[in-house]
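Colleague: Residues in the sequence shown are numbered from 4 upward in steps of one, following our numbering. Even for Gly, the Cβ is constructed at its ideal location relative to N, Cα and C. I have a structure here, written as structure tokens, and I will follow up with some questions on it.
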Amino acid sequence: MKLALAFCLAATPSVVPTTAETGRDRPLNWVDAGLLLGGAAGYLGLHKGGSDWALIDWPVPPAGPQWQEDTVPTTAVIGTGVLLTLAAGMEGGLVEAVAMAQAGLVTAAATNVLKILVGRPRPDYVDRTTRSYDSPETQAEELDDARLSLPSGHSSAAFAFATQTGRWLHRAGCARGWSKTARLAGYALPLTMAGAVAWTRVSDNRHYPSDVFAGALVGSGIAYGLDRWQNGAVACP
Numbered sequence: 004m005k006l007a008l009a010f011c012l013a014a015t016p017s018v019v020p021t022t023a024e025t026g027r028d029r030p031l032n033w034v035d036a037g038l039l040l041g042g043a044a045g046y047l048g049l050h051k052g053g054s055d056w057a058l059i060d061w062p063v064p065p066a067g068p069q070w071q072e073d074t075v076p077t078t079a080v081i082g083t084g085v086l087l088t089l090a091a092g093m094e095g096g097l098v099e100a101v102a103m104a105q106a107g108l109v110t111a112a113a114t115n116v117l118k119i120l121v122g123r124p125r126p127d128y129v130d131r132t133t134r135s136y137d138s139p140e141t142q143a144e145e146l147d148d149a150r151l152s153l154p155s156g157h158s159s160a161a162f163a164f165a166t167q168t169g170r171w172l173h174r175a176g177c178a179r180g181w182s183k184t185a186r187l188a189g190y191a192l193p194l195t196m197a198g199a200v201a202w203t204r205v206s207d208n209r210h211y212p213s214d215v216f217a218g219a220l221v222g223s224g225i226a227y228g229l230d231r232w233q234n235g236a237v238a239c240p
């Protein structure tokens, strides 16, 4: 994987723009396709497959030791990402849609790799081991998932989409002459919503606070890094 990444970086020096561009001005290239396909393959292929302070089960209401239903289901996060991808494409063209999809897929793949490598038990791990299940297959699936706490997938996806949305709206705002306050709101509102999603992962007893913090760093870091590498910086007047 390291060799493949090094090859991509070495082979595509011209991908990074030398001047400020809007997303729709940059032609798509094979790196875009590779990131989309690689992210999708990594997520699908690996799906379901710290310190003392990081494991403290902080009292975030209504968290408890028991398993609880998700306040924000996975389908809601994925559905929001799809809607944002469509919206970005309608406003900014194919390049903006691809950038949004890349942020989500690459983040999902990286998150699953980290989950498997770390293998941290979730806060409700013990409760899952004592519950009754419909079948041995369901029990095995639940217990496997119970050891995928770090980082939080909901948080990483939410912050990836939020960061990419902020980048997209920043470009749109610069092109359309939005005020600085409006451009800042384009970052602040999506990130606030992502923070709310992260909060529910702790209150639902699915994650420790450090899990969602790590997820936020992974998602926002990947989204910002990919977009900055592919689309460069935007100089606003």
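With three or more C-beta pairs closer than 8 Å as the rule, is the region 124-141 touching the region 183-202?
Modeller: no
Colleague: So the alpha helix (DSSP H) E72 belongs to, where does it begin and stop?
Modeller: For this step, residue 72 is matched to residue 69 along the sequence shown. That residue, E72, is in no alpha helix (DSSP H); it is neither H nor E in DSSP.
Colleague: Would you kindly report the start and end of the unbroken alpha helix (DSSP H) that includes C177?
Modeller: On the sequence shown, residue 177 is found 174 positions in, with the first residue counted as 1. First-last of the alpha helix (DSSP H) with C177: 156-179.
Colleague: At what residues does the alpha helix (DSSP H) containing N234 begin and finish?
Modeller: Working through the sequence shown from its first residue, we reach residue 234 at position 231. Where N234 is concerned, the enclosing alpha helix (DSSP H) stretches over 212-234.
Colleague: Is S206 helix, strand or coil by DSSP?
Modeller: Within the sequence shown, numbered from 1, the residue matching residue 206 stands at position 203. Residue state, collapsed to three classes: helix.
Colleague: CB G228 to CB T114, shorter than 9 Å?
Modeller: Within the sequence shown, the letter at position 225 stands for residue 228. Within the sequence shown, the letter at position 111 stands for residue 114. In this structure, T114 does not lie closer than 9 Å to G228 by Cβ.
Colleague: Could you check what DSSP says for A149 in three-state terms: helix, strand or coil?
Modeller: Taking the sequence shown and counting its residues from 1, one reaches residue 149 at position 146. Residue state, collapsed to three classes: coil.
Colleague: Could you check the C-alpha separation between R170 and E140 for me, to the nearest Å?
Modeller: By 1-based counting over the sequence shown, the position of residue 170 is 167. By 1-based counting over the sequence shown, the position of residue 140 is 137. In a straight line, the C-alpha of R170 is about 42 Å away from that of E140.
Colleague: Taking a contact to mean a Cβ-Cβ separation below 9 Å, would you say K118 touches S158 in this structure?
Modeller: Position 115 of the sequence shown, counted from the start, is the residue given in the question as residue 118. Position 155 of the sequence shown, counted from the start, is the residue given in the question as residue 158. No.
Colleague: Please state the DSSP three-state secondary structure of P126.
Modeller: For this step, residue 126 is matched to residue 123 along the sequence shown. Three-state DSSP puts P126 in coil, outside helix and strand.
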